[in-house]
Each structure stands twice: as structure tokens, then as C-alpha cells.
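If you count the sequence shown from 1, you need to add 241 to reach the working numbering.
Reviewing the structure listed below.
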Amino acid sequence: MLIRTEAPADLRVIERLLRSVDNATQTTGSRADTVARLRENGLATLSLVACRDDGVLVGHALFSPILINGEESYWQGLAQLTVNLAMECDSLDLFDEQPEATHQHEKAEPQFCTQVAQDLAQQGIEMLAELGYPVCVAQGEDALLTSLGMVPASTANVNVTWQHGFEPVYLLPLQTSGFDAVHGELAFQQDTF
Numbered sequence: 242m243l244i245r246t247e248a249p250a251d252l253r254v255i256e257r258l259l260r261s262v263d264n265a266t267q268t269t270g271s272r273a274d275t276v277a278r279l280r281e282n283g284l285a286t287l288s289l290v291a292c293r294d295d296g297v298l299v300g301h302a303l304f305s306p307i308l309i310n311g312e313e314s315y316w317q318g319l320a321q322l323t324v325n326l327a328m329e330c331d332s333l334d335l336f337d338e339q340p341e342a343t344h345q346h347e348k349a350e351p352q353f354c355t356q357v358a359q360d361l362a363q364q365g366i367e368m369l370a371e372l373g374y375p376v377c378v379a380q381g382e383d384a385l386l387t388s389l390g391m392v393p394a395s396t397a398n399v400n401v402t403w404q405h406g407f408e409p410v411y412l413l414p415l416q417t418s419g420f421d422a423v424h425g426e427l428a429f430q431q432d433t434f
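Next comes the structure, spelled out in C-alpha cells:
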């Protein structure tokens, strides 16, 4: 499995991947539309793809800036994480607790899908740290986020609320001063469109 930053040639493939997962999980919101809005507004800080050895794109992760109390910050959020191994395994969506099978033919092991998602997120976190971003924020699947070293905001002595009330909010300091003096409401910038 190769994890790399997205290239212009990946954009349509990523859109198809995200729409296929939306259709398979019968999600009301569109991941593809959210990703497109983030890109159009210059809010895609880091976008990674996972490709099988034969070059087929099977996963996507996107990190975007977080607002703190309505103001821009250098904190980055895991805005989107989706894995779908070429329609041959269950779709794994960080924000969907009940992933659905996309097709009924031969499937990869669910642990493999989870590992691809974890590898995508971990690679992104490492790249954000190298770029000097102070904190990564996410909300969603507890087991995956804690495996990445993230901790609930409540246990990190950071007083925050998530704009839409999704709980828990997970944080990972990427620099030594990551959590300094942060209190208030967090929101993805996409929530302001």
C-alpha cells in the first residue's frame, strides 16, 4: 500500500470514491461536495491518498483548518477519512459507526481496511507535525482515534465544545506548546459555508 499526497489526476477518482461510500452507507451529506468546497475555498491543508500496489486509489484523508471561537487558528482537523478497497471490502468511514458493504463479492479483511485508515491518518499527522502545525483535532470512531494517540479534549485539560455538539472531540498535540491557553468552541471551517 502506498500513501502519498494527492495529485491533480486523483481529483476525479477521489470524488468517485467518496460518492461510492456515500451511496453505500446511505449518508445524507456528501463527502465529495464537502471536499470540493474545502478545496475551492483554499481550506485543504493536506490531502492524502492510499493506493494499492496496482495503483488503484482506495482511500483518502483530508486535513483542514479549525476555527477556535470563530477565529482562524493553526490547529488542523481530520475533516475526512474514507477507505474503500476498490469496492471489495466494507467501506470504512471515520464518521459512520455502521459501515455497510459496498458489494457482495470477495471482500478484504475488515482489519485491513481499518489498518489502511489508520495508516492514512498517521501519515497525515506526521506530515502536519513536520510542517509545524500545533494540534490535530478529530471526532468520530473512538478506537481509531485513540490508536493514533489522540485523547479526548476533556482529559487533555482543554475546555472546548464542538460546534455541532458531536462528542467526544479528540486532540493530539503535534508540538510542545500545542494546547496552550485554548478554551472555547471548535469548528471546521467548512461549517461556515
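From the three backbone atoms N, C-alpha and C, an ideal C-beta is built for every residue, glycine too.
Do you know offhand how far residue i's Cα is from residue j's?
i, j, result
"Asp251", "Val290", "8 Å"
"Leu389", "Ala302", "14 Å"
"Val262", "Ala358", "14 Å"
"Ser271", "Ser418", "35 Å"
"Arg245", "Glu312", "30 Å"
"Val324", "Ala384", "16 Å"
"Met391", "Pro249", "31 Å"
"Asp360", "Gly300", "10 Å"
"Ile255", "Thr355", "18 Å"
"Val297", "Gly283", "27 Å"
"Leu386", "Ser395", "15 Å"
"Thr275", "Phe353", "26 Å"
"Gln317", "Glu247", "18 Å"
With DSSP as the reference, label residue i as helix, strand or coil.
i, result
"Arg278", "helix"
"Ser418", "coil"
"Gly425", "strand"
"Gln345", "Legend: pLDDT at Gln345 = 37, less than 50; position of this residue unreliable, value from coordinates given subsequently. If DSSP states are grouped into helix, strand and coil, Gln345 belongs with coil."
"Val357", "helix"
"Pro393", "strand"
"Glu313", "strand"
"Arg293", "coil"
"Ala250", "helix"
"Ala285", "coil"
"Val319", "Checking the displayed sequence, the identity of residue 319 turns out to be Leu instead of Val. Residue state, collapsed to three classes: strand."
"Leu298", "strand"
"Leu308", "strand"
"Leu386", "helix"
"Leu372", "coil"
Assuming the contact rule is C-beta atoms closer than 8 Å, residue i and residue j should be a hit. Round their C-beta distance to whole Å, please.
i, j, result
"Ala370", "Leu415", "4 Å"
"Val376", "Leu412", "6 Å"
"Met287", "Leu427", "One point to set straight first is that residue 287 is Leu, not Met, in the sequence displayed. The pair is not a contact, with the Cβ atoms about 18 Å apart (cut-off 8 Å)."
"Gly425", "Asn264", "That pair is no contact at about 37 Å."
Are residue i and residue j closer than 8 Å when you measure CB to CB?
i, j, result
"Pro409", "Gln430", "no"
"Ser314", "Ala285", "no"
"Ala273", "Arg253", "no"
"Leu258", "Cys292", "no"
Are the region 362–370 and the region 270–279 in contact at 8 Å, needing three or more beta carbon pairs?
With the cut-off at 8 Å, the region 362–370 and the region 270–279 do not touch.
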